[in-house]
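Enquirer: Protein chains in written order, with the working numbering: chain A, 1 to 468; chain B, 469 to 936; chain C, 937 to 1404; chain D, 1405 to 1872.
Beta carbons: idealized from backbone N, C-alpha and C, even for Gly.
Every value quoted in this text rests on a predicted model; they were computed, and no experiment measured them.
4 protein chains.
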Amino acid sequence: MRDMCYYYSQLGTDERSEFLIHMATSLSTNHQAVQELIQQKPQADTNSVDLDAQLLIWEDRLRHAVQPPHHWVFSQVSRLSGGVKFLVDMRQDLLSTLFSKTLDPSNSAALKTLDSTLRELLSLWFTVGLLNVQRITWESPCNMLQKVSEYEAVHPVRNWTDLKRRVGPYRRCFIFTHSCMPKEPLVVLHIFLTNEIPDSMAKILQTSRSSSIDETSVSKDSEDPSLINTAIFYSITSTQKGLQGIELGNYLIKKVVHEMKAEFPSMSQFSTLSPIPGFVKWLNGMMARAQRGDAHIFTETEVNALQIFLEVDSSPEVYERLRKLFTTNGWIEELDVVETLEAPLMRLCAYYLFTEKRRNYTLDSVANFHLKNGAVMWRINWLADRSPRGLANSCGIMVNYRYFLEECECNSRTYLETMKVIASDTVTFLAKAAEDIIKKSPSDPGSSPLLPRSPSPPVITITPDSKI
Amino acid sequence: MRDMCYYYSQLGTDERSEFLIHMATSLSTNHQAVQELIQQKPQADTNSVDLDAQLLIWEDRLRHAVQPPHHWVFSQVSRLSGGVKFLVDMRQDLLSTLFSKTLDPSNSAALKTLDSTLRELLSLWFTVGLLNVQRITWESPCNMLQKVSEYEAVHPVRNWTDLKRRVGPYRRCFIFTHSCMPKEPLVVLHIFLTNEIPDSMAKILQTSRSSSIDETSVSKDSEDPSLINTAIFYSITSTQKGLQGIELGNYLIKKVVHEMKAEFPSMSQFSTLSPIPGFVKWLNGMMARAQRGDAHIFTETEVNALQIFLEVDSSPEVYERLRKLFTTNGWIEELDVVETLEAPLMRLCAYYLFTEKRRNYTLDSVANFHLKNGAVMWRINWLADRSPRGLANSCGIMVNYRYFLEECECNSRTYLETMKVIASDTVTFLAKAAEDIIKKSPSDPGSSPLLPRSPSPPVITITPDSKI
Amino acid sequence: MRDMCYYYSQLGTDERSEFLIHMATSLSTNHQAVQELIQQKPQADTNSVDLDAQLLIWEDRLRHAVQPPHHWVFSQVSRLSGGVKFLVDMRQDLLSTLFSKTLDPSNSAALKTLDSTLRELLSLWFTVGLLNVQRITWESPCNMLQKVSEYEAVHPVRNWTDLKRRVGPYRRCFIFTHSCMPKEPLVVLHIFLTNEIPDSMAKILQTSRSSSIDETSVSKDSEDPSLINTAIFYSITSTQKGLQGIELGNYLIKKVVHEMKAEFPSMSQFSTLSPIPGFVKWLNGMMARAQRGDAHIFTETEVNALQIFLEVDSSPEVYERLRKLFTTNGWIEELDVVETLEAPLMRLCAYYLFTEKRRNYTLDSVANFHLKNGAVMWRINWLADRSPRGLANSCGIMVNYRYFLEECECNSRTYLETMKVIASDTVTFLAKAAEDIIKKSPSDPGSSPLLPRSPSPPVITITPDSKI
Amino acid sequence: MRDMCYYYSQLGTDERSEFLIHMATSLSTNHQAVQELIQQKPQADTNSVDLDAQLLIWEDRLRHAVQPPHHWVFSQVSRLSGGVKFLVDMRQDLLSTLFSKTLDPSNSAALKTLDSTLRELLSLWFTVGLLNVQRITWESPCNMLQKVSEYEAVHPVRNWTDLKRRVGPYRRCFIFTHSCMPKEPLVVLHIFLTNEIPDSMAKILQTSRSSSIDETSVSKDSEDPSLINTAIFYSITSTQKGLQGIELGNYLIKKVVHEMKAEFPSMSQFSTLSPIPGFVKWLNGMMARAQRGDAHIFTETEVNALQIFLEVDSSPEVYERLRKLFTTNGWIEELDVVETLEAPLMRLCAYYLFTEKRRNYTLDSVANFHLKNGAVMWRINWLADRSPRGLANSCGIMVNYRYFLEECECNSRTYLETMKVIASDTVTFLAKAAEDIIKKSPSDPGSSPLLPRSPSPPVITITPDSKI
């Protein structure tokens, strides 16, 4: 088994795919055996007590028969030292094979079964009791800080001084590790401690809370607790692609909220300042439809104003122009355009977040993640993230999801059961306003045709993308 | 789920049994759903590629259908903090319910399915990567030492001075813990460091290696490495009844052998000095048969000598007398009897260990454990354990199982595949000698009727009892 | 130097004394060199600036000349690993040599100088920054708990169950260690957590706070914080005789009070329940004088009552009888005697504690220790300690010294500067009552002749005995 | 006392100087009291035993009288938490006050006494038993690695990648900390593991031992032990100026040699590759004398060759030109010059290291440090350090001091007692060659007039500069 692992780890990407396909097909359930077992099902001619017992035994055998042999292989690998980590990495390869464009469709079903087996096993191992929360400070091991820095993809770390600030005063950084791989952060969560819910990243990343903070000091003593009543989760990153679909982030948030309350008993507000990864993509789809005359998204006044500032002659050209504009970041400097776009984009973004669904859940992966955790969609913020990434994904708009501790569990259940998005009045109002305009559209605005058929989000994923 | 666990933990023994029976029956597989699914099996009328994919999907659904709902319950419980420990304890209750005399047989099959599910899950969690080996010394936490003391059942710890010696110079004590329950030793292993393979416990328990050893010193510096080339595993205890059937002890032995080699590069001999828990029980069965004239176990000469020393008139009375004698420990003082019994008991013990089988494996659970690990049945030692327990279980006989590192893996495979016991020439010779006498018996000595039908060793157990 | 230490450690008691005397005399200050240096003192014939500088240089040389060579030896030894611990142990030998009855008086002065050098060095090393406070629980290393048990001399630990209770719920045990000897507790402090100041040891040692406390649980979670507002220091032990005269206990008390306040913010009372080691000794002296008619200690009524209960005819016989009575513990069972003695003994004990002085400080070493720390002599408790030791030392009487945090520093200064004992009204009243009776004595009750000339308390001791 | 410390820490540089001067003068020894005590010296008119005792008591009083009051102040400060660190920092201020050019000479003697007191106390606290050796790796706390990076002055760390390499494979980094200030490295030692004694820094700083070394791996497993038999101490830095004169570095070297031998039993060579901080300064002095015709330092041939390559007409101009040349680093590119200078500079450098003395010890502080530790001056290496600092201090020359373990102690004693430098034949030969040429000088080459009167190295320093 150890040899097999070593052999696999030496393979290149394509060979690994082949290996996995081979494993999926050759170590799959023996159809014949299942068929034979089914025909041996105990029949009702025996007395009922006996029949029950025989049925249970037969089901037990059936259970083993339908268990594919690769299940056994995986559980053997897990018994090696380093085995669980190996399987996490193997699943990453498996997922990329599964969503590879060159995959022969005839192998897809077998690979999905393989993935399903692996995911179930991993979700047993990555259970809360085996996960450890750790606070990261400037006194943490250097290799850990290096990883925290490298994994940070939401708001990239510029250098060690930047990193030191992110684990310094008025900041908290927590990681989740697993007992099997104690040196590997699975989830990294960054928190900003303040006294109001910020409406832009600038307030978080560039702020030194006061000029008196000594840069060399990392002790929390240099924090003034009276300035702290709000915790902002401004970055949460899942680092292991191989754990896709296995929820870890919400546990971390809950544990960390608990720790924050313990450290600051007067802490009263918990909120995120979150990106909206899919807004521009969706908006482009809407504008394409609007351009074709298939949808209304702006008011007449807005279209007129945009025609002037964008110096175009017709409404279709407005959409054409805007789509082009959003491929670069330059428009942010044209104050007229920015001002004219604020109202319609905020409105449309609210609609995107609040109303758009996929398989009944909120289309936006980050929104879905926080709503499932029981958060409230609280406020949408214009130009909150002026970084290239922020502009490209969401025209710079960000959203606060608030965690009201007493209501989280109830909210979460409501969302999971009724798919109803819980949002503040402001957000709801904006979304309704957008809906009214869209409703007037000539064609039916049913959400499914709207959906850009994205090839990437895998079918098996219930949880969101790793970057939130 | 947390409430359910709390509720369960408050229950008494009988109520727990009821709870488990209820769980086993009401949360069992839905026979109806399985039946319906079976009828939906994709048929060959579609094209073959599609059929394959559909078969896989159908099998996937079948797999979920035959998975009983309690599987889901257990995996949810495992997600609670302390959940895995809760399940280990619950399985202990489950096993005692399953083997309870008052169990309604109609519930047995359902309970076995419940146990099977739980055991499979536990064996996934109690995987090597999550187990930690720790050395215990006099500087270890007191609560840990208290547990090591309380769990020791092979050679009970008399007091704290005794305990201190067992973790002191020329001794090693290792424990296995699990990441989920770091303060709970799962397996405890005691080692004695010496320069020859001892033939009695007295050499191990009562020896201070030299008078110059300062009782207050626990540092290994007070050991003279030149006196050490042999490690004797003289006690190995599995502490969690709920982990019955999940092998942990052999991993501990392997890891510990590795550590011993690292600490003492010149270490060349690894052996146990092990009890023989079932010998007297088996012997009594044999003597009952001999008394009835159904078997030969002693030679004529031996019977005659025993008649004299036991002051009885006939051969049946010898067996009668001996069985009575073995219920107390007094015979150990009667030197004539002791001397006369040595040869026949040693011979019969070798036969018991080497030849007697149950379901093809060695009848004696300790022997079975070490043989599966790849050890060699090396030497049988007369009056090696004069403690009441030692006399009651095995007339004071003990056995050394030796671990020859290079051969362990091969031996283990041989035993598991061919059921052939690997033993030294001496042991083999003794066993053959006993066999020759027994073979002369009037009735057929087939092993199954010999077997005392013990109610306790559960059917599902592959691994041995917790005490070895 | 290392050889010297090894050589010394191999010596027997007498040889060590010889070694120390040799060291004290042969490595003492060179009188001749000092004399010569004195004669080289710079004279006023040079100009004043130069003279000043020359004086400083001369004083520097004088400082080195009067520094005895053993100072250098000690500081070299301290540089060895384990050196500081060696010096602590050496000082213990030195003190016992110094107070040995067989010491040739001509060596006394030299030994005192040696001790003085050593004490000064030790007091530099045993400075607060190098001392560490540690809480001891049942999860602490076993060797540490063993030491805590063995060093406990105030209220001896009976067995491991007893020890477990003393570090369990409603108890705290703290130790001081030094960075040079991290495995050696220097001071051990036991605390009882309750909601009133107890008047007897029984309440402390025998209480399980509630029947629901699980004996196997050591977590503080099994404490009900609402039942805790009082911390009783019921045992404080200095373990190193070689550190006599170097105050550690008061630092520990201060640090621990601080930790208690942090753990229980509502903690409002800090008190001891302390022994009175010298009371009976002093009382015997008083009774001897009373017997001779040199002092009054009881009232007429009391003497009469005692004559009846003790069945003697005259007042002198009362004292005779009482002194004999106090050599055993039987009187505690004679209720009449006990009742009759309560008032006079309580009164006399208050007088002993409050009024009796030695070199201006309170005669009782424990009282002196707590008064120096700023505590208040708060309440005297009849039959608070019925153990043999308690009866033998103080007729079972114990005293509470209370620590009022805000007043400690001020009290301490007052006591050190004015020698005034700060006591509660009750104690003061009792002491005055005793004084009134004693004052009526025929002879002058000056305290010095009263004092039993004890050979043991060394002159150099400023701090109290190790047991408080 | 705490207030005093806080007050002091708030002061500016000049105010601190004033404070220290005030402390030195106002808290100095009471001359009057000393004088009076001297006059009370016991006279010989009493009997001799008594006289001896009285003398000892008088000396004891004298000892206290000459102890300046600031001794008491310092020892009180040490009792505060953080007090010892405060004193270390205070001594740094004290030394800079003492060597400040603006110091009024009339205060110098008093300040020296103050420093002497402080140094003696610090050397008691910074004793081996309180020092801890720690290995620093990439898994050490980030703040510690940041300090290691910032303190490195011998071969400055360029960035975090550079730092990571210095604590990575084929490297060891050790620090000394003190129990009072566990987060502050006192001495930092960098080691390079190789299989030959390198003759240039390039081999140490730029080498990745093999291309197969994974940059992200810091485990020592990526080292091939068979390539390691030599440990090169290539940087040793004392970080606390306030500990000047208190030897720590040699303890670290000894402890570390011990650890290296334990980790690599086949380690056979220990050597430094050390800078020569004072060579160019000394050389300039020599060249000035040569220019004036007061000394010979080059041979005729050498002078002629230099005249050609330096394009000057006369011998004095050669020296003039060279001194100018050495102020920049450009000459290293002129191969002719470099080649011509090699022989004479290597010779002169050997002379400087081997022959030049100050107060009988080797003039070069680094050389003096290693010779005191018992190392052998083993090899001088041309152009071993081409960094600007290396060129400016020593024309790029470096020297290997080798530690032959068996001979260290003996060498050290020889050097300390006889001042004889122990060097290899090669070094000795070069030094003699230089001496022969210098001896031919017209004027007497006595070393004292040669010495550049450096104001900086303080008189009180026995140990070398902090950078070695």
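#1: Please work out which residues of its chain come closer than 6 Å, Cβ to Cβ, to S424/A, disregarding the five sequence neighbours upstream and downstream, and give them in chain order.
#2: Within 8 Å (strictly less), CB to CB, does S222/A reach chain D?
#3: Taking the C-alpha atoms as reference points, what is the distance between M1691/D and Q968/C?
#4: Residues in the stretch 632-648 of chain B with C-beta within 9 Å of chain C's C-beta atoms, listed in sequence order?
#5: Residue ranges of each alpha helix (DSSP H) run of no fewer than 4 residues wholly in the stretch 1012-1075 of chain C, ordered along the chain?
#6: Mind checking whether L1030/C and L1054/C have CB atoms under 8 Å apart?
#7: Report the neighbours of D3/A on chain B: residues whose CB is nearer than 7 Å to its CB, in chain order.
#8: Just checking, does the stretch 1009-1021 of chain C make contact with the stretch 1464-1479 of chain D on the three C-beta pairs under 8 Å criterion?
#9: In whole angstroms, what is the alpha-carbon distance linking F1730/D and L1714/D?
#10: With a threshold of 8 Å between beta carbons, is L1184/C in contact with chain D?
#11: Just to make sure I have the definition right: I need the residues of chain D whose C-beta is within less than 7 Å of the C-beta of S140/A. Which are they?
#12: Within a Cβ cutoff of 6 Å, which residues of the same chain sit near Y474/B, ignoring the five residues on either side of it in sequence?
#13: Since I believe C610/B is in contact with E1075/C (beta carbons under 8 Å), could you give me their beta-carbon distance rounded to a whole number of angstroms?
#14: Run the CB neighbour count on V838/B, radius 10 Å, all protein chains shown included, and call it buried at 16 or more, exposed below.
#15: Is the stretch 1717-1725 of chain D in contact with the stretch 1743-1750 of chain D, if contact means three or more CB pairs nearer than 8 Å?
#16: Please state the DSSP three-state secondary structure of A1694/D.
#17: Which of the three DSSP states, helix, strand or coil, is assigned to Q968/C?
#18: Beta-carbon of A1198/C versus every beta-carbon of chain D: anything under 8 Å?
#19: Answer with buried or exposed for I1712/D, where buried requires no fewer than 16 other C-beta atoms within 10 angstroms of its C-beta.
#20: With a threshold of 8 Å between beta carbons, is W1462/D in contact with chain A?
#21: Within 10 Å of its beta-carbon, does H1091/C have 16 or more other beta-carbons around it, so buried, or fewer, so exposed?
#22: Can you give me the C-alpha to C-alpha distance between L505/B and N498/B, rounded to a whole angstrom?
#23: Using Cβ-Cβ distances below 7 Å, what residues of the stretch 753-766 of chain B are close to chain A?
#24: Just the Cα atoms here: how many angstroms apart are N1797/D and I1826/D?
#25: If you count every other CB in all the chains shown that lies within 10 Å of the CB of K1505/D, and 16 or more means buried, which is it?
#26: Within 10 angstroms of its Cβ, does P1213/C collect 16 or more other Cβ (buried), or is it exposed?
#27: Could you pull out every residue in the same chain whose Cβ sits closer than 7 Å to the Cβ of A1514/D, ignoring the five residues on either side in sequence?
#28: When you compare only the Cα positions, how much space is there between S1639/D and K1836/D?
#29: For a quick check, are the C-beta atoms of F1112/C and L1219/C less than 8 Å apart?
#30: So K1445/D and V1537/D are supposed to be a Cβ contact under 8 Å. How far apart are they, rounded?
#31: Could you give the first and the last residue of the continuous beta strand (DSSP E) run that contains S266/A?
#32: Against chain A, with Cβ distances strictly below 8 Å, would S547/B count as a contact?
#33: Can you tell me whether Q1180/C is buried or exposed? The criterion is at least 16 other CB atoms within 10 Å of its CB, across all chains shown.
Expert: A quick look at the data gives this:
#1: W378
#2: no
#3: 52 Å
#4: K632, V635
#5: 1019-1034, 1044-1061
#6: yes
#7: Within chain B, no residue comes near D3/A; the closest Cβ sits about 14 Å away, beyond 7 Å.
#8: no
#9: 13 Å
#10: no
#11: P1545, C1546
#12: none
#13: 7 Å
#14: It should be pointed out that residue 838/B corresponds to His in this sequence rather than to Val. Looking at its Cβ environment, which holds 16 or more other Cβ atoms inside 10 Å, H838/B is buried.
#15: no
#16: helix
#17: helix
#18: no
#19: exposed
#20: no
#21: buried
#22: 11 Å
#23: none
#24: 23 Å
#25: exposed
#26: buried
#27: A1428, T1429, S1432
#28: 29 Å
#29: no
#30: The Cβ separation is near 49 Å, so there is no contact.
#31: No beta strand (DSSP E) contains S266/A, which DSSP labels as neither H nor E.
#32: Sequence inspection shows Arg at residue 547/B; the Ser mentioned does not correspond to that position. Yes - at least one Cβ of chain A is within 8 Å of the one on R547/B.
#33: buried
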